[in-house]
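Just so you know, the sequence shown maps onto residues 17 to 120 in the numbering used here.
Right, one structure below, let's go through it.
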Amino acid sequence: MRKELFEDLFDSVQEGVSILKGEKEPSRTFVLNVPDIKELREKKKMSQAELASLIGISVKTLQNWEQRRRVPRGPAVRLLQIISTDLNAVRKALEKIKKAESTA
17 MRKELFEDLF DSVQEGVSIL KGEKEPSRTF VLNVPDIKEL REKKKMSQAE
67 LASLIGISVK TLQNWEQRRR VPRGPAVRLL QIISTDLNAV RKALEKIKKA
117 ESTA
């Protein structure tokens, strides 16, 4: 069984290299819709420092996102989408995490 797993993994890596070289098209792609971060922040009545602190990034990174010099990726986009939908849920979840970490 181990040999089969290794061969599957090796095949996957080779496929990834082919995709990166442009020799092969990916079987699927994922597109995340990035919200307008400045609009989101202003709508939620948050300062740059507050939003940056909430999501664990520097104010400079947030400014770069707002000015579209940089684009958030992956989990950051999802978190921004969740904040856009329900800021209080994010605050509650992060508060629970903080409490759990402080008692561990």
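Just so you know, even glycine gets a beta-carbon here, dropped at the ideal spot from N, CA and C.
Just so you know, these numbers come straight off a predicted model, no measurement behind them.
| Asked | Found |
| --- | --- |
| With 16 as the cutoff for other CB atoms within 10 Å, does Pro42 come out buried or exposed? | exposed |
| According to the neighbour-count rule (16 or more other Cβ atoms, all chains shown, within 10 Å of its Cβ), is Arg88 buried or exposed? | The sequence shown places Pro at residue 88, not Arg. So Pro88 ends up on the buried side. |
| Output the distance between the C-alpha atoms of Trp81 and Arg107, rounded to the nearest integer angstrom. | 21 angstroms |
| Rounded to whole angstroms, what's the CA-CA distance from Ser100 to Ser34? Just pull it up for me. | 37 angstroms |
| Give, in chain order, every unbroken run of the alpha helix (DSSP H) that is at least 4 residues long and sits entirely within the region 25 to 89. | 53 to 59, 64 to 71, 75 to 82 |
| Whole angstroms is fine: what's the gap from Ala68's alpha carbon to Ser118's? | 21 angstroms |
| Three-state secondary structure (DSSP) at Ala120? | coil |
| Residues in its own chain within less than 6 angstroms of Lys60 by CB, not counting five upstream and five downstream? | Leu103 |
| Hey, would you say Val75 sits closer than 7 angstroms to Gln64, going by beta carbons? | yes |
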